Structures are given as C-alpha cells and as structure tokens.
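Since the structure comes first, as structure tokens, the remarks are kept for the end.
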Amino acid sequence: MRLLVVVDTYVPARISGALQMRDLARELVAQGHAPTVMVPSAELRAPFAIERVDGVEVLRVRTAPTKDVGLVRRALAECLLPFALRRGLARSPLAHVRWDGVVWYSPTIFLAAAVHAIKRRCGCRAYLILRDLFPDWAVDTGVMRKGLVYRFFKRVERYQYAVADVIGVQTAANVPCVAPDVRAGARIEVLDNWLSEPERGATTFDREAGPLAGRTVFAYTGNMGAAQGMDCLLDLATRMRSRRDVGFLFVGRGSDMARLAATVAERRLDNVLFLGEVDAAEVPSILAQCHVGLIALDPRHTTHNIPGKLLTYLRSGLPVLARINPGNDLEALIEAAGIGRVCVGDASEQRLFQYAEELAADASLREAMGRRARSLAGERFSTTRAAAQVVRGL
Numbered sequence: 000m001r002l003l004v005v006v007d008t009y010v011p012a013r014i015s016g017a018l019q020m021r022d023l024a025r026e027l028v029a030q031g032h033a034p035t036v037m038v039p040s041a042e043l044r045a046p047f048a049i050e051r052v053d054g055v056e057v058l059r060v061r062t063a064p065t066k067d068v069g070l071v072r073r074a075l076a077e078c079l080l081p082f083a084l085r086r087g088l089a090r091s092p093l094a095h096v097r098w099d100g101v102v103w104y105s106p107t108i109f110l111a112a113a114v115h116a117i118k119r120r121c122g123c124r125a126y127l128i129l130r131d132l133f134p135d136w137a138v139d140t141g142v143m144r145k146g147l148v149y150r151f152f153k154r155v156e157r158y159q160y161a162v163a164d165v166i167g168v169q170t171a172a173n174v175p176c177v178a179p180d181v182r183a184g185a186r187i188e189v190l191d192n193w194l195s196e197p198e199r200g201a202t203t204f205d206r207e208a209g210p211l212a213g214r215t216v217f218a219y220t221g222n223m224g225a226a227q228g229m230d231c232l233l234d235l236a237t238r239m240r241s242r243r244d245v246g247f248l249f250v251g252r253g254s255d256m257a258r259l260a261a262t263v264a265e266r267r268l269d270n271v272l273f274l275g276e277v278d279a280a281e282v283p284s285i286l287a288q289c290h291v292g293l294i295a296l297d298p299r300h301t302t303h304n305i306p307g308k309l310l311t312y313l314r315s316g317l318p319v320l321a322r323i324n325p326g327n328d329l330e331a332l333i334e335a336a337g338i339g340r341v342c343v344g345d346a347s348e349q350r351l352f353q354y355a356e357e358l359a360a361d362a363s364l365r366e367a368m369g370r371r372a373r374s375l376a377g378e379r380f381s382t383t384r385a386a387a388q389v390v391r392g393l
C-alpha cells in the first residue's frame, strides 16, 4: 500500500512519539508497503524538503514553530498546522499521489483537517493512532479550566474522531471516552504501544564515575511535565537520602524539569542526578547501568495511557516502579505480568517507599522481573504487530 503517515514530530527529534513513528514507518517498509511521512518543520527555509531517513521517504513542510514556545503562540501555530501541511504537500512533487490510506498520530489534535482533505481526494481510509486524550488530561492536572478554550479544544478533538475510520487507543479504558464522538461505521480498537529492539549507541554517562557510583539506580527517562506529577519521585528520593546504596537518575526534558532540578538543589539531594535530554541511541546504554525504571502519572488523571517509557524499560530488562492514577489499565498490566510494583493515587507515598525499599534490597527479584519484562516486550509491544494491525484497519 502507498501510505501517507502524518505526524507533528519525527526523527531527528528525540521524543517518544518521533521514535515510535520512525519505528512504525520502517516496519511498514519491511512489510512491503510504501509509506511517506509528512511532518512540519519550523527550521526549513524552503516550502518543503524531501529526504530518505532509514529507507523511509520523509516530506518536511515549512510551518510556524509549535515546540518550545509559549502556550498562546503554540495554540495559534497548531491551529494553522493542517493548512500549512496541505499547502506544502500541494507544492511538492507528491501533490498528485493517490494514497491508499492515511495514518496519523495524536497528539497533536490539529492534523485532522489535512487528513480529511487527503481522504476526500483519494477516496481512502484513515487510521488515527490516539495516544492521549487532550484536552481532558489538561483539565485533570489543573493546566486548563473548563471554559471557552477548553470547549474549543473539545470541538477540535471531536472533529478528529469524526474524520477517522479506525481509532487505535492505548487501553480498553479509553474506549468509552472516545465512543460518543465516533461517527457511524467507524471502529475503535486497542492498539498497543510498540518499540523496536533498541540500537545501543555509545554514551558519555558512566555511573561509576559520578555520584551514583556503587548504588542501585532508579531511572526515569522521558518527559517531565504537568501530566507526570513527578514530585512524588523527588519525595521518594528525599525519604531514601540516608541510603548510600540507592540513587535516582532523571533523563529527559519538559516544562517541569527546571523546577524539579531546583527542588533537588534546595533539598541538597546528593542521591539524585539529572542528565537532561540525550540522543535516543544513548538511552539503552544508560539504562544498562541502572536497575529499576520509574513511571509517574499525575493521580488526578481520569484518562488512561501506557507511557512510552514503559516499553523502553521493558526492552532494557528493567523492572518498573510506578505511581499512577486510579483505574488506569497499567496497574493490571504490571501486576498480571509480574514486571514490577505499582501504587495508585496521591495517598500512596508510603507504599511507593516500601516498594522502592523492596526492589533495592532484592537483586534476584529485580532480575526475575526483568526477564519477564523482556518477554512481555517481545510478545505484546512489538512494532511488527502494530504495523500489521494498522494496515488491517486500512
């Protein structure tokens, strides 16, 4: 199939969405399809650029910046995003390609207008890969109130559901959240997250050459923002500061990173190290020096997701320690698979501490959980399986 894959971020960006969609596009090629990835680029000087990345055709379209800018500026740029993408596609040599299907990734919620136009022109189906439920999670975490702006974003969200022929959500718990806005004849299904076997690159991080030398390391990788509610992890590090055999490593970026780093400095936590964002190829080499993977989701969430960092930990053979929101399907997954420990809600600090103590003390328990983690990654969260499911939907 000749497929158009529409995303708002792609490699060389290092965030999980960009890496996931790179893996999916490469797997589509491996399965005999011909995907073209269309992605906005604020760095381009020309209206568009076409290149090949890892054997995949990539169309980059010049747009206004939507990353690392203020909220108002970002909202305006994202509103204009589908129109900029359509204009860039129309100017490119791919303007008249007849696509057999369109795949698009959310977040962002603003790509549907471009997808709708391509669907109508080509008479093809569209598959929405839905990875979070914005704007509801923003209301849950206090980033947004249920006012005029919220109602605008809800209209945009409902429009993207109406455009899709198939919607792949992360967990079964998200199905009833989406179902009321899906048009007749469309289908909702669970599309598990995926991650290919990581390509381990060199890293300058050396656990034994810094403050975490000789310690059992609890590692967090990925976004550090409002949706995560990561203060619980710093509180955990504070409670364990007297243990010279335990340390905490935070790798990534996000809107809360500066505040979290300032908190570490204020509390003088010598058991915590921030690396900041690193190249994705470094992450497996960093995690190979760690012992437990950390997950945090703000307990005020009423929506559910399986964080991409979970798959990173599974592939690296790390057990997980998670604090999540009530009702999240992730709780049952972790417990049933025996891949770690999980506690629920904002009144779970003592249990989180007890679980951390247990994992720190028992190397054989960590190793057994790590083996099950690798097995689960290969069986359930494979890129091969995800790509085949998307193609079936189209």
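Sequential numbering from 0 applies to the sequence shown in numbering that gives the first Met the number 0. Using N, Cα and C, we set each Cβ at its ideal position, and we do this for glycine too. None of the values given here were measured: they were computed from a predicted structure.
Roughly how many angstroms lie between the CA atoms of residue i and residue j, to the nearest whole one?
i    : j    : result
I166 : D255 : 31 Å
V28  : D7   : 20 Å
R182 : V68  : 34 Å
N324 : G344 : 5 Å
F109 : A185 : 19 Å
A24  : V138 : 33 Å
L132 : P306 : 13 Å
W136 : C231 : 18 Å
Y9   : S241 : 42 Å
R120 : F82  : 15 Å
L351 : G337 : 17 Å
P175 : Y104 : 20 Å
D164 : A172 : 20 Å
V36  : V5   : 6 Å
A264 : M239 : 16 Å
R150 : V341 : 34 Å
Suppose contacts are defined by Cβ-Cβ distances below 7 Å. Is residue i in contact with residue j by that definition?
i    : j    : result
V101 : A125 : yes
L320 : Y354 : yes
V277 : A236 : no
V60  : G87  : yes
A218 : L248 : yes
Q169 : A111 : no
W98  : R1   : yes
E26  : A376 : no
A394 : G316 : An answer regarding residue 394 cannot be provided, because it is not within the stretch 0 to 393 covered by the chain.
P298 : G369 : no
M223 : G251 : yes
From the DSSP output, which residues share a beta bridge with residue i?
i    : result
P39  : V60
T220 : V250
P34  : L2
E188 : G167
A137 : According to DSSP, which records beta bridges pairwise, A137 is partnered with nothing at all.
T215 : V245
S105 : L129
I294 : A321
V55  : V52
I need the DSSP call for residue i, collapsed to helix, strand or coil.
i    : result
I305 : coil
E348 : helix
G16  : helix
V10  : coil
C342 : strand
G275 : strand
F82  : helix
V389 : helix
E357 : helix
R124 : strand
G100 : strand
R90  : helix
G200 : coil
N327 : coil
A183 : coil
V142 : coil
C289 : coil
Looking at the secondary structure, which residues open and close the alpha helix (DSSP H) in which residue i lies?
i    : result
Y160 : 147-162
L286 : 282-286
H450 : Residue 450 lies beyond the range of the chain shown here (0 to 393); nothing can be said about it.
P210 : P210 -> no alpha helix (DSSP H), and no H or E assigned at all.
D234 : 230-238
L364 : 362-379
L259 : 256-266
How far does the beta strand (DSSP E) with residue i in it extend, from its first residue to its last?
i   : result
V68 : Segment: none, V68 is in no beta strand (DSSP E) and carries neither H nor E.
V52 : 47-52
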